[in-house]
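Visitor: Pasting in a structure now, in structure tokens, and then I'll have a few things to ask.
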Amino acid sequence: MTTKARLLAVSIDCPEPKKLAEFYHAILGWDITYAEDEYAAVSDGTSSIYFGRVADRKPVVWPSPDKQFHLDFRVADVERAVAEYVALGATRPEFQPGVTEEGTGWIVLQDPAGHLFCVCPEASS
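Letter by letter, the sequence shown follows residues 1 to 125 of UniProt numbering.
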């Protein structure tokens, strides 16, 4: 039997860890638990997102096969959240696979360091 693990954190490379921690603190409401030039973190007390400084990291172009990961977040009002996140420094790429003629399913954004994340509607009951 394989030893089961519990996810502690996700670590993300970026050029400015404190700046990215502040961005995710604003959109998630998680506490900034560490903030230095080389390393920063946000946490809800159970899970964390760590940000490590990689000065020459280059954001991926969206869409492309170079994407390695993305984060998904649920919100009550997708369009409102997107407007707020863009005001905080996110960008909205032109290619939006979750926006169809039938309406918006989800919206892809890039955080200030260029990492992709999706803003998804709350699940229907």
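Built from N, CA and C at the ideal position, the CB exists for glycine as well.
In three-state terms, what does DSSP make of residue 119?
Guide: Here residue 119 refers to the residue found at position 119 of the sequence shown. Of the three classes helix, strand and coil, the one that applies to residue 119 here is strand, per DSSP.
Visitor: What is the residue span of the beta strand (DSSP E) that residue 95 lies within?
Guide: As a first step, residue 95 must be located in the sequence shown, where it is residue number 95. No beta strand (DSSP E) contains residue 95, which DSSP labels as neither H nor E.
Visitor: With C-beta atoms as the reference, is residue 108 less than 8 Å away from residue 118?
Guide: Taking the sequence shown and counting its residues from 1, one reaches residue 108 at position 108. Taking the sequence shown and counting its residues from 1, one reaches residue 118 at position 118. For residue 108 and residue 118, yes; Cβs fall inside 8 Å.
Visitor: If I measure Cβ to Cβ from residue 35 and keep anything under 6 Å in the same chain, skipping five residues before and after, which residues do I get?
Guide: Mapped onto the sequence shown, residue 35 falls at position 35. If we look at residue 35 and ignore the five residues flanking it on each side, its Cβ neighbours are 18, 21.
Visitor: Can you grab the Cα-Cα spacing for the pair residue 32 / residue 4, in whole Å?
Guide: Within the sequence shown, the letter at position 32 stands for residue 32. Within the sequence shown, the letter at position 4 stands for residue 4. Distance between the alpha carbons of residue 32 and residue 4: 28 Å.
Visitor: Report all residues from its chain with a CB closer than 7 Å to the CB of residue 55; omit the five preceding and five following residues, and keep chain order.
Guide: The residue you call residue 55 lines up with position 55 of the sequence shown. Excluding positions up to five away in sequence, the list reads 15.
Visitor: Quick one: residues in its chain with C-beta nearer than 8 Å to the C-beta of residue 72, no 5 flanking neighbours on either side, listed in chain order?
Guide: Stepping through the sequence shown from its first residue, residue 72 is reached at position 72. Once the five neighbours on either side are set aside, the close Cβ partners of residue 72 are 106, 117, 118, 120.
Visitor: Within the UniProt domain "VOC" (6-122), note down every full alpha helix (DSSP H) run reaching 4 residues or more, in order along the chain.
Guide: Here the runs fully enclosed are 17-28, 78-87.
Visitor: With 16 other CB atoms within 10 Å as the buried threshold, where does residue 110 fall?
Guide: Locating residue 110 in the sequence shown gives position 110, counting from the first residue. Buried, since its Cβ has 16 or more Cβ neighbours within 10 Å.
Visitor: Only counting the same chain, and skipping five residues up and downstream in sequence, which positions put a Cβ closer than 7 Å to that of residue 63?
Guide: Counting from one through the sequence shown, the residue named residue 63 turns up at place 63. Cβ within range, chain order: 95.
Visitor: Excluding the 5 residues preceding and the 5 following residue 76 in the sequence, name in chain order all residues of the same chain whose CB lies nearer than 7 Å to its CB.
Guide: The residue given as residue 76 occupies position 76 in the sequence shown. Same-chain partners within the cutoff: 122.
Visitor: Pick from 23, 1, 7, 11: whose alpha carbon is nearest that of residue 88?
Guide: Taking the first residue of the sequence shown as position 1, residue 88 is located at position 88. Here the closest residue by C-alpha is 23.
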